[in-house]
Amino acid sequence: MCIGNRVGGDDAIGPYIANKIKKETKIDMILDCGTTPENYTSIIKQKKPSTLIIIDAAEMEQPAGTIRIIPKEKLGTMHISTHGIPLSILISYLEREVDHIIVIGIQPKQMSGTLSAVVKKSGDQLIELLKKHRYQEIPPL
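Under our numbering, residues 71 to 211 are what the sequence shown spells out, in order.
1) Can you list, in chain order, the residues of its chain whose CB lies under 7 angstroms from that of Leu-192, leaving out five sequence neighbours each side?
2) Determine the DSSP secondary structure at Pro-107, reduced to helix, strand or coil.
3) To the nearest angstrom, report how far apart Ile-159 and Ile-114 are at their CA atoms.
4) Alpha carbon to alpha carbon, how far is Met-71 from His-170? Give it in angstroms, no decimals.
5) Which residue or residues does DSSP assign as beta-bridge partners of Thr-95?
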């Protein structure tokens, strides 16, 4: 699940990653959820993946472009994206359907205008890790 506002500066990193993965790989379950990830829960329930990776811009008080795995217990204490419901509530719901949920955050530089170069570069790095199934190498927050 890639989350973000396409016209919200670095908040667009989720849709950017989803679209690039769809173009460059044969990974079949990439969801560009925009700002309404709750609208995609039925797809998750239907597909029943064993692992769900959620990617979003996240204010982590890190340098712009920093990529981190965000532990569940930290989700309620930080601002993540501009979607309708808190990500912590969405995850609590999805945990009934998915064995393992991983939240990957990318620290934004700007939340207006276009995607910044530093965040786009981090998005490209994350795509390479995902393509090689090496997302476990991302340090936790």
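Just so you know, even glycine gets a beta-carbon here, dropped at the ideal spot from N, CA and C.
Here the structure is a predicted model, which means the values were calculated and not measured.
In this structure, then:
1) To locate residue 192, count along the sequence shown from 1; it is residue 122. Residue identity check: residue 192 is Ser in the sequence provided, not Leu. Excluding residues within five positions, the ones whose Cβ falls inside 7 angstroms are Gly-135, Ile-137, Ile-176.
2) Here residue 107 is taken as the residue at index 37 of the sequence shown, counted from 1. In this structure, Pro-107 counts as helix in the three-state DSSP scheme.
3) On the sequence shown, position 89 is the one that residue 159 refers to. On the sequence shown, position 44 is the one that residue 114 refers to. Ile-159 and Ile-114: Cα-Cα distance of roughly 15 angstroms.
4) Numbered from its first residue, the sequence shown carries residue 170 at position 100. Numbered from its first residue, the sequence shown carries residue 71 at position 1. About 13 angstroms.
5) Residue mapping note: residue 95 aligns to position 25 of the sequence shown, counting from 1. None; Thr-95 has no bridge partner.
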